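Worksheet: one structure, shown below.
In this note's numbering, the protein residues as written are 508 to 816.
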């Protein structure tokens, strides 16, 4: 868990560096008057794609930080349940949930963090981000190793599917899905985002069902297991995306409640709402694409000769 936590913390640091740079680096004019040669130069945070990049970093940083804390809360509940002599089913449920979440924190957390540090955080700096004048080039290296420690992301994906879903009989993933679905159906504010979350959860369940089906078919047709192996990392990442979306929407709900009471820290809370809305609109739709890819997977890539690569 600490490997994933370190990577997520590094992304958060990279985002803070990129944000500070974007607020001070002056480059170009406002896009809406860019044809006016006399228009004043603006800081790059005024440019649409820079704002998109910063919001990608912000939403993942905040969402994955919540992912770490959610997992830690399960571990706390498990320790309390054991110490207080709770019934076996409660302890077993918490233990299974903890086991399920660990590869998500490690695999999803590290893979997303190192990727975003390169494609978004460092990119914000342009060419200067590649130099030692700024810490981003170090952050990228520091986060990349986290995708390799304690098993690569591919190994985490295999472990996640075969041990945490199949071997577990779907118990933990079912408990998690039930909690997310309950929240998505709770109504209240952010009904659009909650409906999108529920749709993504349905897509995830379909992905898992297809992979389980291939695993079962492999008992008679061994080559069917290849279709599982081609998609276990995709499944792991999809679970991470959905949990991140869920936790961001939860934060946004709390932010709305806080803003209804006081205008104190309004920018902070409005930022939470913006993160959730952006993530749901821009990241969550990829789960539908993942479902289509999984459903269309065949063994053609496994059937070509090595010399064709």
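All residues carry an ideal CB built from backbone N, CA and C; glycine is no exception. Given the structure is predicted, the values throughout are model-derived calculations rather than measurements.
query	result
Return the CA-CA distance between residue 765 and residue 771, expressed in angstroms with no decimal places.	9 Å
By Cβ distance, which residues of its chain are closer than 7 Å to residue 635, with the 5 residues on each side in sequence left out?	641
With 16 as the cutoff for other CB atoms within 10 Å, does residue 699 come out buried or exposed?	exposed
Helix, strand or coil, according to DSSP, for residue 534 in the structure here?	strand
Whole beta strand (DSSP E) runs in the segment 684-764 with 3 or more residues, listed along the chain?	none
In whole angstroms, what separates the C-alpha of residue 676 from that of residue 668?	11 Å
What is the residue span of the beta strand (DSSP E) that residue 559 lies within?	Element bounds for residue 559: not the beta strand (DSSP E) but the alpha helix (DSSP H), 555-590.
Mind checking residue 691: buried by the 16 CB within 10 Å criterion, or exposed?	buried
Would the segment 598-615 and the segment 677-686 be scored as touching if the rule is three or more Cβ pairs under 8 Å?	yes
Considering only their Cβ atoms, is the gap separating residue 713 from residue 791 smaller than 7 Å?	no
Please name the residue, chosen from 807, 754, 707, that lies closest to residue 782 on a Cα-to-Cα basis.	754
Please classify residue 622: does DSSP put it in a helix, a strand, or coil?	helix
Since residue 581 contacts residue 588 with CB under 8 Å, what's their CB separation in whole angstroms?	Their Cβ separation, rounded to whole angstroms, is 10 Å, which puts residue 581 and residue 588 out of contact at 8 Å.
DSSP state of residue 467, grouped into three classes?	Only positions 508 to 816 of the chain appear in the structure, and residue 467 is not among them; the question remains open.
Got a sec, what are the start and stop residues for the alpha helix (DSSP H) residue 597 sits in?	595-610
Starting from residue 647, trace the alpha helix (DSSP H) in both directions and tell me its first and last residue.	643-651
Using a Cβ-Cβ cut-off of 7 Å (strictly less than) and excluding sequence neighbours within five positions of residue 657, which residues of its own chain qualify?	510, 613
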